[in-house]
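Residue numbering for the sequence shown follows my numbering, beginning at 99 and increasing consecutively. In this text, a Cβ means the ideal position worked out from N, Cα and C, and glycines have one as well. Report on the following structure.
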Amino acid sequence: MGCKDKNRDNNCVCDAVEQILAEQEAVEEISCPTSCYSNLLSPVAGPTRDTIPFILTNKKGELFKAFGNVGGFTGDMTCFKTIFFRVEAVEDCCATLSLLRPVDMDGNTESVCDPCDEGFFGLEKTDFCIEVDLDCFCAIQCLSPELVDRIADRKHHHHK
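Now the structure itself:
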């Protein structure tokens with residue numbers, strides 16, 4: 099059961115996540131470049147992009163967050179908090195989301211609770227997933243696919 103007693107036909111977050119999944123699976127042309135319903139993966143992002151990162155807002159107006167690598171068992175990655183997700187699957191408004199690991203300019207893990215955090219530079223895909231009921235969210239904001247696997251321009255990067 100979802101977080102609301104409302105007909106499933108009117109869930110724009112669920113519809114947007116389904117659209118994101120469709121765009122990740124197949125490139126198509128839609129004209130609006132700033133909407134989750136636009137084709138964010140083509141043509142500017144290039145053929146190697148396969149992720150449309152997004153953030154979700156709950157009914158209290160708070161950004162949804164999840165935790166990856168709890169206990170630090172995988173590789174040398176530290177436990178991290180993220181508000182950034184990639185859709186992997188959607189069925190009946192329930193989605194499997196993979197956690198996108200926020201990193202700083204040097205590729206170090208950053209726990210991010212606000213997309214405008216000063217240290218946040220880019221995102222890395224992970225194998226950490228979460229199952230969510232999309233009926234529990236009121237808003238979704240798609241972000242640039244260019245954030246994923248973003249590489250710092252070393253010519254302009256100076257260490258302090």
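Beta-carbon proximity of residue i to residue j, cut-off 8 angstroms
i, j, result
"G220", "L245", "yes"
"P200", "V210", "yes"
"I181", "L161", "yes"
"L198", "P151", "yes"
Nearest-angstrom Cβ-Cβ length linking residue i and residue j, presumed shorter than 8 angstroms
i, j, result
"F226", "N167", "6 angstroms"
Length of the line joining the Cα atoms of residue i and residue j
i, j, result
"C177", "E208", "10 angstroms"
"K163", "I228", "10 angstroms"
"C112", "I118", "10 angstroms"
"E121", "P243", "12 angstroms"
"H239", "F171", "Note on identity: in this sequence residue 239 is Gln, with His being the wrong assignment. Taking the straight line from one Cα to the other gives about 31 angstroms."
"I153", "G159", "12 angstroms"
"D215", "E123", "30 angstroms"
"D212", "K179", "11 angstroms"
"T149", "G169", "26 angstroms"
"F165", "D231", "17 angstroms"
Closest by C-alpha distance to residue i, when choosing among the options
i, options, result
"D202", "D247, Q239, F165, V115", "D247"
"D233", "F183, A193, A120, P151", "A193"
"V115", "D190, D215, R147", "D190"
"G205", "D212, P213, C214, K223", "K223"
"N109", "F165, F235, R147", "F235"
Bounding residues of the beta strand (DSSP E) (the contiguous stretch that carries residue i)
i, result
"I228", "220 to 231"
"I238", "235 to 240"
"I153", "152 to 156"
"T180", "178 to 180"
"P200", "192 to 201"
Boundaries of the alpha helix (DSSP H) in which residue i is found, first to last residue
i, result
"E116", "110 to 123"
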